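Numbered by our numbering, the letters in the sequence shown go through residues 1 to 696 in order.
We treat Cβ as the ideally placed atom computed from N, Cα and C, and that holds for glycine.
This one's a predicted model, so the numbers in the text were calculated from it and none came from an experiment.
First comes the structure, then the notes that go with it.
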Amino acid sequence: MSYRTKDIRNVAFAGHSSSGKTSLTEALLYLAKAKERLGKVEEGNTTTDYDPDEVSRGLTIGLSLASFDYKDYHLNLVDLPGFADFYGEVVGGMRAVDCLVLVVDAVNGVEVGTIRALHTAREAGIPIVVFINRMDKERARFVATLNLLGGSFDFLTFTTMTIPIGEAEGFKGVVDLLSTKAYMVGEPGKPTAIPEDMLETVEEQRMGLMESACEVSDELVEKYLDQGEISQDEFEEALAQAIAARNFVPVLCGSALNLAGVDVLLKHICSALPSPLERGLVAGHKPGTEEVIQREPDVNAPTSALIFKTIIDPYAGKLSLVRVFSGILHGGGTEVLNSTKDRTVKVGALLTALGKEQKPMDQVVAGDIGVIAKMEVASTGDTLCSEGDPIVFKRFEYPEPTMRYAIMPKGKGDEDKLSNAVGRLSDEDPTFIVTRDSEIRQTVAFGQGEMHLDVALSRLKSRFGVEVSHEFPRVPYKETIKSPAKARGRYKRQTGGRGQFGDIWLEINPLPRGAGFEFENKIVGGVVPSRFIPAVEKGIVEAMGVGVVSGNPVVDVKAKLYDGSYHSVDSSDMAFKIAASLGFKSAFETAQPTILEPIYEVEITVPDEFAGDITGDLSGKRGKVSGMEPSGKLTTIRGLVPLGEMYRYSIELRSMTQGKGTFTLKFSHYEEAPPEIRTALVEKYQKERAEGERSS
Ligand SMILES: Nc1nc2c(ncn2[C@@H]2O[C@H](COP(=O)(O)OP(=O)(O)OP(=O)(O)O)[C@@H](O)[C@H]2O)c(=O)[nH]1
Ligand SMILES: [Mg+2]
1 MSYRTKDIRN
11 VAFAGHSSSG
21 KTSLTEALLY
31 LAKAKERLGK
41 VEEGNTTTDY
51 DPDEVSRGLT
61 IGLSLASFDY
71 KDYHLNLVDL
81 PGFADFYGEV
91 VGGMRAVDCL
101 VLVVDAVNGV
111 EVGTIRALHT
121 AREAGIPIVV
131 FINRMDKERA
141 RFVATLNLLG
151 GSFDFLTFTT
161 MTIPIGEAEG
171 FKGVVDLLST
181 KAYMVGEPGK
191 PTAIPEDMLE
201 TVEEQRMGLM
211 ESACEVSDEL
221 VEKYLDQGEI
231 SQDEFEEALA
241 QAIAARNFVP
251 VLCGSALNLA
261 GVDVLLKHIC
271 SALPSPLERG
281 LVAGHKPGTE
291 EVIQREPDVN
301 APTSALIFKT
311 IIDPYAGKLS
321 LVRVFSGILH
331 GGGTEVLNST
341 KDRTVKVGAL
351 LTALGKEQKP
361 MDQVVAGDIG
371 VIAKMEVAST
381 GDTLCSEGDP
391 IVFKRFEYPE
401 PTMRYAIMPK
411 GKGDEDKLSN
421 AVGRLSDEDP
431 TFIVTRDSEI
441 RQTVAFGQGE
451 MHLDVALSRL
461 KSRFGVEVSH
471 EFPRVPYKET
481 IKSPAKARGR
491 YKRQTGGRGQ
501 FGDIWLEINP
511 LPRGAGFEFE
521 NKIVGGVVPS
531 RFIPAVEKGI
541 VEAMGVGVVS
551 GNPVVDVKAK
561 LYDGSYHSVD
571 SSDMAFKIAA
581 SLGFKSAFET
591 AQPTILEPIY
601 EVEITVPDEF
611 AGDITGDLSG
621 KRGKVSGMEP
631 SGKLTTIRGL
641 VPLGEMYRYS
651 IELRSMTQGK
661 GTFTLKFSHY
671 EEAPPEIRTA
681 LVEKYQKERA
691 EGERSS
């Protein structure tokens, strides 16, 4: 079965954690009869939260796709995680769809996850529709939530499209302003009369919606002003155009749990939300150039597609979820270009997915979303296109990691198994990054938070049988000097047989922060033969790599070799390398050595009531607050803080803000560590060395 582009609807569900995105997707599938039983997140039987880790934790970890037919339409719903740790999924998912349903909790209102999702949709340039969910919940407030939306996003206009009949314990259903029909709790899909006492409000709000819709054309505005209204068809047409044009943000409401308002949402997804045709041209670049080129959502245009998610399925193997923007993607071994990797690849079996269920599919037409099975040369964010008309779409930009663990395989000789497993996991989740850090001599796993890394490490075991232990990594301190110094490095071994002799004089000087290392050869008269100079430099570089006072790499030093002597027989590269290393160390120790610590920019967004605690805690971490920015009922705090104080921050922020805060961390610069930190590091290093010498 393949579809006409105009009948396709690609919709993502994003918002703060627990606002009800998975439950809403589930309710839509149930009402559209794409599944028989209505699953519940608590019972672990929803369509989109099918991964064992999701079932056990009761939240969405990876984005998942639910494709199904409903009346004349083909819907691709993309359920996105709300938990900050899994934000990487939101970045990819948002690029695959033509519209976002921003799910907002009627009790908690606008939360950090709401803001992040909204900004990501705006970056992706797609229209947003708000669904105020959990209207049945105690303390649910519709108007207060509307006001919070207006207060938090004053650059947007929010216009109601459905309004609640009662709220919280008194919630009975919703009124659809477009059809002026009421839909009651427990009677999904059965329009009924609007309660008498709401008729005036409904008329007023309907006029507000009609007015906003009219603004798509001057003729309609004129007609509306002349006649006080427009026809129902004109209203529906104008509304769809206004939403596609992002003139305002329509607001709907309901309860995913008791299905109220979900039937109206399903109807509007089909009749009012944009198809890929309304989304229009999609821009990319000519590979290898800055030249911008575009693709039409047309089956006759050259093929172009974007891989927005990779899943390593225990049975089906590697699955690449792909959005086709133009042309048709054929399977059965058809060759296309992976223009991101500049490799020709074969498209094997094509599938359609309803959660974890997959069914074969012949082709994926322009505007549709499908799944490619077992495509090896393919990663999330890659572009696929026809070889004759290449295009490459912008790669996904993921937030900087906020958490890191040093990981070690528990099993002897498991290093290879670990790196293979890590490769597979990072393929599926590009925000899980593992690198070997040669400076701190540890394998470090980076992630978006404590839960993110815990899930990844438990998957290393459950999926790949690799057990790892983890700890916070060493802080990548650096050593440097604050004043010049001179020293001699002399290495002499002449105890029978071929001796060893190297002798140099060095002067070292501090360099500006970030300058790295400079070596200057000021030898005159061949006192140190030029063939040994590279060995001298090598000796210095090696000594710098190991560090002198605290075992951390040395930076921002200039070394000038200005004198020395040699022995015609006993001198060698090795001897001069050692002499240089000795000379450098003794010069270093008299050059006011110091230790630099990495300073990171931090941006923390929390509900206002926590702002004071957060700034206080940040000062306690030797952080410097540089600014505070209120938006709605949230505050963003910016500042600089030593990395060493932030290793546990994902955990600490969660407990300080009851999970309502998020933060980003970005490397800023190196700065001298305070005396107490320096002393502690030097003492620890001396102790380790003493123990090392004793045990050797
Ligand atoms: N009372 C009530 N509870 C709801 C409603 N929608 C969802 N819930 C409950 O809210 C909790 C979270 O629902 P989810 O659907 O998992 O929320 P989510 O937004 O997908 O959460 P994440 O995947 O963590 O981002 C579950 O316990 C649901 O049963 C609703 O409309 N009313
Ligand atoms: Mg969910």
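Under a three-way DSSP split, which group does residue i fall into?
| i | result |
| --- | --- |
| H330 | strand |
| S568 | coil |
| V41 | helix |
| K577 | helix |
| I440 | coil |
| L306 | strand |
| N552 | coil |
| V365 | strand |
| D454 | helix |
| M210 | helix |
| H74 | strand |
| V112 | helix |
| Q704 | Nothing can be reported for residue 704: it is not among the residues displayed for the chain, which extend from 1 to 696. |
| L665 | strand |
| E488 | In the sequence on display, residue 488 carries Arg and not Glu. In this structure, R488 counts as strand in the three-state DSSP scheme. |
| F13 | strand |
| I269 | helix |
| A117 | helix |
| G430 | The residue asked about is misnamed: residue 430 is Pro in this sequence, not Gly. P430: coil per DSSP, three-state reduction. |
| V625 | strand |
| Y562 | strand |
| F588 | helix |
| Y477 | coil |
Could you say which of the options lies nearest to residue i if we only look at CA atoms?
| i | options | result |
| --- | --- | --- |
| L75 | Y87, F86, M94, D98 | D98 |
| E278 | A245, S326, T120 | A245 |
| I604 | D613, L596, R513, P598 | D613 |
| I307 | Y477, T615, F325, E203 | F325 |
| T160 | N108, E204, P250 | P250 |
| R654 | V606, G692, P674, N552 | V606 |
| E7 | L273, A168, E222 | The question names Glu, but residue 7 in the sequence shown is Asp. Residue L273 is the option with its Cα nearest to D7. |
| Y3 | V11, V336, D72 | D72 |
| Y30 | G15, R689, T47, E43 | T47 |
| L511 | E467, I504, E479 | E479 |
Among the residues of its own chain, which have a CB less than 7 Å from the CB of residue i, if the five just before and after it don't count?
| i | result |
| --- | --- |
| V392 | G284, H285, P287, S339, T340, T383 |
| R134 | G20, D105, A106, V107, A140, S255 |
| A485 | I508, A587, T590, A591 |
Apply the 10 Å Cβ neighbour rule to residue i and answer buried if 16 or more other Cβ atoms are within range, or exposed otherwise.
| i | result |
| --- | --- |
| L65 | buried |
| Q227 | exposed |
| K40 | exposed |
| P127 | buried |
| Y756 | Since the displayed the chain opens at 1 and closes at 696, residue 756 lies outside it and no answer follows. |
| D233 | exposed |
| P164 | buried |
| R459 | buried |
| S483 | exposed |
| E400 | exposed |
| P476 | buried |
| I651 | exposed |
| S320 | buried |
| P642 | buried |
| N552 | buried |
| R343 | exposed |
| N420 | exposed |
Which residues in the same chain as residue i place their Cβ atom closer than 6 Å to its Cβ, once the five residues preceding and following it in sequence are excluded?
| i | result |
| --- | --- |
| M451 | D85 |
| M544 | V554 |
| T443 | I407, R436 |
| T120 | V90, M94 |
Leaving out five residues before and five after residue i in sequence, what residues of the same chain have Cβ atoms less than 8 Å from its Cβ?
| i | result |
| --- | --- |
| L640 | I599, Y600, E601, V602, G623, K624, S626, S668 |
| H567 | G499, F501 |
| N258 | D136, V185, G186 |
| D298 | T5, S326, G327, A366 |
Mind checking if residue i is an interface residue toward chain B, Cβ cutoff 7 Å exclusive?
| i | result |
| --- | --- |
| V324 | The structure shown contains no chain B; it is built from a single protein chain. |
Output the residue ranges of the beta strand (DSSP E) runs that lie fully inside the region 164-231 and measure 3 residues or longer, sorted by chain position. Whole beta strand (DSSP E) segments, 3+ residues: 173-176, 181-184.
Length-filtered (3 minimum) beta strand (DSSP E) runs lying within the region 50-97: Listed in chain order, the complete beta strand (DSSP E) runs (minimum 3 residues) inside the region 50-97 are 64-70, 73-79.
Of all the alpha helix (DSSP H) runs that stay within the bounds of the region 605-654, which reach a length of 4 or more residues? You should have 611-620.
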